[in-house]
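First up is the structure itself, then whatever we jot down about it.
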Amino acid sequence: MSAITGKFRKTVKVAGLVAALAIAAGCSQLDRYHGFIPPAEELATLDVGQTTKGEVITLFGPPISERALESNTIYYASSQFQYFGPFAPREVDRQVLAIDFDSNDRVRNISRYTLEDGRVVVLDRRVTEDGINDVTFLSQLLGSFGRLDAEQLLGEP
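In our numbering, the protein residues as written are 108 to 264.
Following this line, the structure appears as structure tokens:
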């Protein structure tokens with residue numbers, strides 16, 4: 108065995124080990140947390156019928172939806188997602204805290220919903236209109252040909 112063949116084998120072994128470690132690291136599970144739910148100890152400081160909406164926002168921060176400030180309920184939400192390799196993320200935990208207020212902006216009720224409850228809470232509807240109604244790219248492209256004249260196309264004055 109020559110010295111070059113021995114070095115080549117050693118290089119291949121090291122490269123294989125590095126590749127195996129990279130693959131193992133890429134397939135490890137990652138947990139990501141989004142949002143905020145106030146801890147139970149802080150929620151215990153709220154007095155039903157006494158605490159105002161302003162005090163809640165000062166204590167916990169602004170709610171997750173601006174629209175919630177217009178209604179008599181504000182929401183705080185948190186989610187935990189697990190990422191594993193190339194697979195789509197999976198939501199393993201979700202908590203939504205709803206604090207209802209009466210007509211005087213005082214706390215009326217505190218509700219907590221989890222992923223297991225299966226209750227849909229619409230927090231904010233964000234839809235951007237594109238201004239294009241059922242017109243495909245190809246229709247737009249072909250429609251623009253009728254607006255060109257030969258003078259513009261050939262560049263002659």
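Each residue gets a CB set at the ideal place from its N, CA and C atoms; glycine is no exception.
Taking a 10 Å sphere around the C-beta of ALA184, we find 16 or more other C-beta atoms and assign the residue as buried.
According to the DSSP assignment, GLU149 belongs to the alpha helix (DSSP H) that extends over 147-150. In the structure shown, the three-state DSSP call for SER135 is coil. In terms of CA proximity to SER218, GLN202 leads the group GLN202, ALA126, ASN211 and VAL119. With three or more CB-CB distances shorter than 8 angstroms, the stretch 185-199 counts as touching the stretch 138-154. Of the candidates ILE206, VAL199, ILE181 and PRO169, the residue whose Cα lies closest to the Cα of THR221 is VAL199.
The Cβ atoms of VAL155 and ARG215 lie closer than 8 angstroms to each other.
In this chain, the alpha helix (DSSP H) harbouring THR165 covers 160-167. Check the Cα spacing between PHE194 and each of THR180, GLY168, SER135 and ILE181: the tightest is with SER135. In the DSSP assignment, SER185 is bridged to GLY142 and GLN202. Scanning ILE171, PHE191 and SER178 for the CA closest to the CA of SER210 turns up SER178. Within a 10 Å sphere around the beta-carbon of PRO145 sit 16 or more other beta-carbons, which makes this residue buried. SER178 carries a coil assignment under DSSP once its states are collapsed to helix, strand and coil. For PHE115, the secondary structure class from DSSP, reduced to helix, strand or coil, is helix. Exposure of VAL121 is indicated by the presence of fewer than 16 other C-beta atoms within 10 angstroms of its C-beta.
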